[in-house]
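Engineer:
In our numbering, the protein residues as written are 1 to 247.
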């Protein structure tokens, strides 16, 4: 496929999305399938955007038809070989679903959170905060509780948990705030506790605001305390000023 062909296919995707008829999603998904089938890993890079745009447009137009198709594509590209093409395709499918913000696409994000490949998992975690379901929350808690998980993925999972107010989520967030060796994870946990409205987190947040070694964590804890009504705006600004002066 030459650059001009890529451009023309992109125009076709935009046109189909604008028309937004019931006939568009099958055509868009078939286009994505054809691109996936015809290119190896070293060749597929330039066409990833076509796949993502085609699948994303299909979900936007008719999620109830398109999401099962995306789930099927995830399963047919489940086996990773040495080329890594399957993982790239799964990552692209997750990104396409995540970019739609459609609640119907939640199962695709859940499947991405279960994926063994880091890139797929990371992409799913990055968009998880835009979706909600019981199964999604369970998977996010599992990731956030895994002491061997990459801190970037844990941070994003914890941010997503800030949308959920349950005892299990509270325990998970407090554990990460108190024990994670990653300051990014601790800061995310502090932020999530405030966003979720956990008043019972106040003692833990006060401790982090005073004693955490990282300014970013102290500031996040103070911000959450402010949101929960337990610290003044002046205290928050004083901590931020202190952080700036310590650079």
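From the three backbone atoms N, C-alpha and C, an ideal C-beta is built for every residue, glycine too.
1) Verify whether the separation of the beta carbon atoms of residue 99 and residue 56 is less than 8 Å.
2) Does the Cβ-Cβ distance between residue 196 and residue 164 come in under 8 Å?
3) Assuming the contact rule is C-beta atoms closer than 8 Å, residue 86 and residue 75 should be a hit. Round their C-beta distance to whole Å, please.
4) Compare the beta carbon distance of residue 187 and residue 151 with 8 Å and say whether it is the shorter of the two.
5) As a quick exercise: from 72, 154, 160, 54, pick the residue whose alpha carbon is nearest that of residue 132.
6) On the criterion of 16 or more Cβ atoms from any shown chain inside 10 Å, does residue 69 qualify as buried, or is it exposed?
7) Taking residue 67 and residue 50 to be in contact with their CB atoms under 8 Å, please state how far apart those CB atoms are, rounded to whole angstroms.
8) Could you tell me the alpha carbon to alpha carbon distance between residue 118 and residue 157, rounded to whole angstroms?
9) For a test of your reading of the model: does the CB of residue 226 fall under 7 Å from any non-hydrogen atom of the ligand ATP? Yes or no.
10) With residue 98 as the anchor, note down where its alpha helix (DSSP H) starts and where it stops.
11) To the nearest angstrom, how far is the alpha carbon of residue 171 from that of residue 40?
12) Nearest-angstrom Cα distance between residue 193 and residue 23?
13) Taking its Cβ as the centre, do 16 or more other Cβ atoms sit within 10 Å of residue 204, making it buried, or is it exposed?
14) At 3 residues or longer, and completely inside the stretch 149 to 185: list those beta strand (DSSP E) runs for me, N to C.
15) Could you check which residue in 145, 31, 121 has the C-alpha nearest to that of residue 52?
16) If I'm right that residue 184 touches residue 218 with Cβ under 8 Å, what's the distance once you round it to whole angstroms?
17) When burial is assigned at 16 or more other CB atoms within 10 Å of the CB, is residue 134 buried or exposed?
18) What is the DSSP secondary structure of residue 219, reduced to helix, strand or coil?
19) Just curious, the alpha helix (DSSP H) that residue 198 is in, first and last residue?
20) Counting along the chain, where does the alpha helix (DSSP H) carrying residue 210 start and finish?
21) Smallest Cα separation from residue 144: which of 181, 108, 27?
22) Measure the alpha-carbon distance for residue 228 versus residue 94 and round it to whole angstroms.
23) Mark residue 64 as exposed unless 16 or more other C-beta atoms lie within 10 angstroms of its C-beta, in which case mark it buried.
24) By DSSP, does residue 272 sit in helix, in strand, or in coil?
Structural biologist: Taking the geometry as given:
1) The sequence position of residue 99 within the chain shown is 99, counting from 1. The sequence position of residue 56 within the chain shown is 56, counting from 1. In contact: residue 99 and residue 56 (Cβ atoms closer than 8 Å).
2) Position 196 of the chain shown, counted from the start, is the residue given in the question as residue 196. Position 164 of the chain shown, counted from the start, is the residue given in the question as residue 164. Contact flag set, yes.
3) The residue labelled residue 86 in the question sits at position 86 within the chain shown. The residue labelled residue 75 in the question sits at position 75 within the chain shown. The Cβ separation is near 11 Å, so there is no contact.
4) Counting from one through the chain shown, the residue named residue 187 turns up at place 187. Counting from one through the chain shown, the residue named residue 151 turns up at place 151. Cβ atoms of residue 187 and residue 151: not closer than 8 Å.
5) Here residue 132 refers to the residue found at position 132 when the chain shown is read from its first residue. The residue with the shortest Cα to Cα distance from residue 132 is 160.
6) Within the chain shown, numbered from 1, the residue matching residue 69 stands at position 69. Residue 69 should be labelled buried.
7) Here residue 67 is taken as the residue at index 67 of the chain shown, counted from 1. Here residue 50 is taken as the residue at index 50 of the chain shown, counted from 1. Between residue 50 and residue 67 the Cβ distance is about 19 Å, and since that is not below 8 Å, they are no contact.
8) Position 118 of the chain shown, counting from 1, holds the residue named residue 118. Position 157 of the chain shown, counting from 1, holds the residue named residue 157. Each residue's CA atom was taken as its position, placing residue 118 and residue 157 some 13 Å apart.
9) As far as ligands go, the structure on display features none, and thus does not contain the ligand ATP.
10) To locate residue 98, count along the chain shown from 1; it is residue 98. For residue 98, the enclosing alpha helix (DSSP H) has its first and last residue at 85 to 98.
11) Within the chain shown, residue 171 is the residue found at index 171, counting from 1. Within the chain shown, residue 40 is the residue found at index 40, counting from 1. So the two alpha carbons sit approximately 45 Å from each other.
12) The sequence position of residue 193 within the chain shown is 193, counting from 1. The sequence position of residue 23 within the chain shown is 23, counting from 1. In a straight line, the C-alpha of residue 193 is about 45 Å away from that of residue 23.
13) In the chain shown, residue 204 corresponds to position 204, counting from 1. With a 10 Å radius around the Cβ and a threshold of 16 neighbouring Cβ atoms, residue 204 comes out buried.
14) For the beta strand (DSSP E) assignment, the stretch 149 to 185 encloses no uninterrupted run of at least 3 residues.
15) Here residue 52 refers to the residue found at position 52 of the chain shown. It is 31.
16) On the chain shown, position 184 is the one that residue 184 refers to. On the chain shown, position 218 is the one that residue 218 refers to. In fact, because the Cβ distance is near 14 Å, the residues do not count as touching under 8 Å.
17) Stepping through the chain shown from its first residue, residue 134 is reached at position 134. Residue 134 should be labelled exposed.
18) One-based indexing of the chain shown puts residue 219 at position 219. The three-state secondary structure of residue 219, taken from DSSP, is helix.
19) As a first step, residue 198 must be located in the chain shown, where it is residue number 198. Premise fails: residue 198 is in no alpha helix (DSSP H) and is neither H nor E.
20) Position 210 of the chain shown, counted from the first residue, corresponds to residue 210. Going by DSSP, residue 210 is part of the alpha helix (DSSP H) stretching over 202 to 211.
21) Position 144 of the chain shown holds residue 144. Out of 181, 108, 27, the CA that lies nearest to the CA of residue 144 is found in 181.
22) As a first step, residue 228 must be located in the chain shown, where it is residue number 228. As a first step, residue 94 must be located in the chain shown, where it is residue number 94. If you take the alpha carbons of residue 228 and residue 94, they lie about 34 Å apart.
23) Within the chain shown, numbered from 1, the residue matching residue 64 stands at position 64. Counting the other Cβ atoms within 10 Å of the Cβ of residue 64 gives fewer than 16, which makes it exposed.
24) The chain is shown from 1 up to 247; residue 272 falls before or after that span and cannot be answered.
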